[in-house]
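Read top to bottom, the protein sequences are chains H and R. Using this note's numbering, read the first sequence as starting at 9 and increasing by one per residue. Using this note's numbering, read the second sequence as starting at 315 and increasing by one per residue. A short worksheet on the structure shown next.
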Amino acid sequence: MPSRLNSFADLLALAQKTGQPLDAIFLAEEAAERELPADRVFQTFLERWAIMKDSVRRGLAGGKSFSGMVGGDAKKIIDYVRGGDIAGGRLVGKCIAYSIAVLEENSRMGIIVAAPTAGAAGMVPGTLLALSEERGFDDAFAARGLVVAGGFGALVAGKAELSGAAGGCQAEQGVGAAMASGALTFLLGGTAVASVHAAALTLQNTLGLACDPVAGLVEVPCVVRNGFTAMLALTGAQAALAGVESVIPMDEVVEAMVKIGEAMPRSLKETADGGLAMTPTGCRIRKELYQIR
Amino acid sequence: MISLLDIVGPVMVGPSSSHTAGACRLARVARTLLEEEPVEARFELHSAFAKTMRGHGTDRALVAGALGMEVDDPCLKDALDLAVQRGLKYALKPKNMGPEAHPNSVAIHLKGKTRTISILGASIGGGMIEIREVDGFPVSLSARDPCLLLFYDDRPGMVMRASEIIGRRGINIASMEVLRRGKGELAFMRIDLDAPLPPEDVESMKRLPGIRRVHVLDRVAGGALIT
Numbered sequence: 009m010p011s012r013l014n015s016f017a018d019l020l021a022l023a024q025k026t027g028q029p030l031d032a033i034f035l036a037e038e039a040a041e042r043e044l045p046a047d048r049v050f051q052t053f054l055e056r057w058a059i060m061k062d063s064v065r066r067g068l069a070g071g072k073s074f075s076g077m078v079g080g081d082a083k084k085i086i087d088y089v090r091g092g093d094i095a096g097g098r099l100v101g102k103c104i105a106y107s108i109a110v111l112e113e114n115s116r117m118g119i120i121v122a123a124p125t126a127g128a129a130g131m132v133p134g135t136l137l138a139l140s141e142e143r144g145f146d147d148a149f150a151a152r153g154l155v156v157a158g159g160f161g162a163l164v165a166g167k168a169e170l171s172g173a174a175g176g177c178q179a180e181q182g183v184g185a186a187m188a189s190g191a192l193t194f195l196l197g198g199t200a201v202a203s204v205h206a207a208a209l210t211l212q213n214t215l216g217l218a219c220d221p222v223a224g225l226v227e228v229p230c231v232v233r234n235g236f237t238a239m240l241a242l243t244g245a246q247a248a249l250a251g252v253e254s255v256i257p258m259d260e261v262v263e264a265m266v267k268i269g270e271a272m273p274r275s276l277k278e279t280a281d282g283g284l285a286m287t288p289t290g291c292r293i294r295k296e297l298y299q300i301r
Numbered sequence: 315m316i317s318l319l320d321i322v323g324p325v326m327v328g329p330s331s332s333h334t335a336g337a338c339r340l341a342r343v344a345r346t347l348l349e350e351e352p353v354e355a356r357f358e359l360h361s362a363f364a365k366t367m368r369g370h371g372t373d374r375a376l377v378a379g380a381l382g383m384e385v386d387d388p389c390l391k392d393a394l395d396l397a398v399q400r401g402l403k404y405a406l407k408p409k410n411m412g413p414e415a416h417p418n419s420v421a422i423h424l425k426g427k428t429r430t431i432s433i434l435g436a437s438i439g440g441g442m443i444e445i446r447e448v449d450g451f452p453v454s455l456s457a458r459d460p461c462l463l464l465f466y467d468d469r470p471g472m473v474m475r476a477s478e479i480i481g482r483r484g485i486n487i488a489s490m491e492v493l494r495r496g497k498g499e500l501a502f503m504r505i506d507l508d509a510p511l512p513p514e515d516v517e518s519m520k521r522l523p524g525i526r527r528v529h530v531l532d533r534v535a536g537g538a539l540i541t
């Protein structure tokens, strides 16, 4: 089925022509494809948002991962934030803690919402929830941000496979951070153009990111990395809202990501045959884990 | 455009959308095609799928899918124990499928009381899957949209008879593919539909002369996200 929305260039042209906000454009497209009313599709986003918030809450409670390698870091950070004297401010502290919390819950085989993948599921709910709490946004407004995040991810997914195995971590956490960045910009009142610049700035600063998980688990470095890439999302949104523009358009950043993913060796694409996974400590952990079981 | 709900989703048991959710869906497709309770499941895992199998719970997810679980079923993590309880024998082993195969490829062989099915599929990111072979026939299936798979004896008029049943119901065919082992031998038809075909029409299709099997794949892997 020919879609009128296949690239970020199409999106910006449509936003300019219709004057509609980004979430309305994406919702209309999704509703048309599924032959459902837009409010019914939005209801599903509200439901997903509720599950996302719950996964943050469960994650913050702490507990060890499936392997025992990670767990409890989100709780440490949120306790530090609640202590009051956090240098970066509460928004920054919560973005980091909440993003990590989702991934810790994921590593315990808890229920999460992939966004766009499970290993990169932290940034979108983490940053949107932190912002909503700090700005007093209600769920209905936050879920509009979630629609924008989903739309940005869908446009990237039309051109690139979103898996560490095919494209390295850039294709998972890079895309997740870009989705979050665009959504944050939208929720903070940025224009469609600014939201796309935010995503482009964020994604281009994750290009080349290796997927080298220790013992092949979605734990090290994936769990804390969601907190770090959440900061990229916030940086991208703040820069774009200030008027910073990406020199390379988003569609071309996505193309670059695909080409870099193809050029990356298999050892750095989820096989746990390189990078952090093959450090002496990484090898020791793998050996210990697989001896126990 | 790819569905936004496939990107902000699926709602799933962690830890990996490719290795847990995608694996579960691939096995669910095989179970759906088997059309009965499997008693034996063999999984052959390629490259990244094999290397990180235990850490991602890929073994549990594949078995969970063979048992018919959804990706958000909290019992997914107990699938290996549940398999023992429900009398499903399973085996998993690595298999090098060559440099051309997708790194997250798996071959699934299920055996039920009366029949068997083999599929080859790949988990292509974010929980999305692609079936590349069904009983040796090359296909390309996302298992998201309503789809029919027909196995039949190669003879004239089969496409017409099958499409007549669909057309009579007023359902549109989105795309189709016809293959055969050889002239007059076993043939295969894949029909993608815009809406699911009612069960009574599927039954009429099964009664067509020359038909061996009709499989229905209705949004096994996602798709039916809005209920």
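The beta carbon of each residue, even a glycine, is placed where N, CA and C say it ideally should be.
- Around the CB of isoleucine 256(H), fewer than 16 other CB atoms lie within 10 Å, so the residue is classed as exposed.
- With a minimum length of 4 residues, the unbroken runs of alpha helix (DSSP H) contained wholly in the region 28–77 of chain H fall at 30–42 and 46–68.
- For isoleucine 316(R), the chain H residues whose C-beta falls within less than 7 Å of its own C-beta are Ala162, Ala165 and Gly166, listed in chain order.
- Excluding its 5 nearest sequence neighbours in each direction, valine 232(H) has C-beta neighbours in its own chain below 7 Å: Asp81 and Ile108, listed in chain order.
- In the structure shown, proline 288(H) falls within a helical segment according to DSSP collapsed to helix, strand and coil.
- In the three-state reduction of the DSSP assignment, serine 115(H) falls in the helix class.
- Contacts with chain R at 8 Å (Cβ-Cβ) do not include threonine 199(H).
- Around alanine 362(R), the same chain offers Pro417 and Asn418 as residues with beta carbons nearer than 6 Å, after the five sequence neighbours per side are excluded.
- Residues of the same chain with a CB within less than 7 Å of the CB of isoleucine 431(R), apart from the 5 flanking positions on each side, are Ala344, Leu347, Leu348, Leu424 and Asp449 in chain order.
- In the DSSP annotation of this structure, valine 327(R) is not part of any alpha helix (DSSP H); the continuous beta strand (DSSP E) holding it starts and ends at 325–327.
- Close CB contacts of arginine 48(H) within its chain, under the 8 Å cut and outside five residues either way in sequence, are with Ala39 (chain order).
- The beta carbon of alanine 362(R) sits closer than 8 Å to some beta carbon of chain H.
- At a cut-off of 8 Å between beta-carbon atoms, leucine 170(H) makes contact with chain R.
- In this structure, the CA atom of lysine 167(H) is about 20 Å from the CA atom of alanine 457(R).
- In the structure shown, lysine 277(H) adopts extended strand secondary structure according to DSSP, grouped into three states.
- For the region 412–426 of chain R, the beta-carbon criterion of a distance under 7 Å to any beta-carbon of chain H is satisfied by Pro417 and Asn418.
- The beta carbons of phenylalanine 50(H) and leucine 35(H) sit closer together than 8 Å.
- Listed in chain order, the positions of the region 66–86 of chain H with a beta carbon within less than 7 Å of a beta carbon of chain R are Phe74 and Ser75.
- Straight through space, the alpha carbons of serine 518(R) and glycine 379(R) are spaced by roughly 29 Å.
- By the C-beta density criterion, glutamate 113(H) is buried, having at least 16 other C-beta atoms within 10 angstroms.
- The residues Ile433, Leu434 and Val453, in chain order, have a CB closer than 7 Å to that of glutamate 447(R) in the same chain once the five nearest residues on each side in sequence are set aside.
- Shown here, lysine 83(H) sits in a helix according to DSSP, grouped into three states.
- Its chain contains Met131, Thr135, Ala185, Ala188, Ser189, Leu192 and Thr210 as the residues whose beta carbon lies nearer than 7 Å to that of alanine 241(H), once the 5 sequence neighbours on both sides are disregarded; these appear in chain order.
- Partner residues in the beta bridge of serine 437(R), as assigned by DSSP, are Ile443(R).
- Comparing C-alpha distances from threonine 26(H) to each of Glu227(H), Arg294(H) and Ala200(H) shows the shortest one belongs to Ala200(H).
- Here the alpha carbon of glutamate 260(H) sits roughly 37 Å from the alpha carbon of glutamate 384(R).
- Taking 8 Å as the cut-off, the Cβ atoms of alanine 337(R) and alanine 375(R) count as close.
- Of all residues in the region 496–526 of chain R, none comes within less than 8 Å of chain H when Cβ atoms are compared.
- For arginine 494(R), DSSP records a beta bridge to Ala501(R).
- Contact annotation: glycine 439(R) and leucine 170(H) have beta-carbon atoms nearer than 8 Å.
- Judged by DSSP secondary structure, histidine 529(R) falls within the beta strand (DSSP E) whose first and last residues are 525–531.
- With contacts defined by Cβ atoms closer than 8 Å, alanine 162(H) and isoleucine 443(R) do not form a contacting pair.
- When C-beta atoms of the region 91–104 of chain H are compared with those of the region 243–254 of chain H, fewer than three pairs fall below 8 Å, so the two segments do not count as touching.
- DSSP, reduced to helix, strand and coil, places aspartate 147(H) within a helical segment of the structure shown.
- Counting C-beta atoms within 10 angstroms of its own C-beta, leucine 493(R) has fewer than 16 neighbours from the protein chains shown and is therefore classed as exposed.
- For the set Gly67(H), Ser75(H), Ser73(H) and Ala122(H), the Cα lying nearest the Cα of isoleucine 85(H) is the one of Gly67(H).
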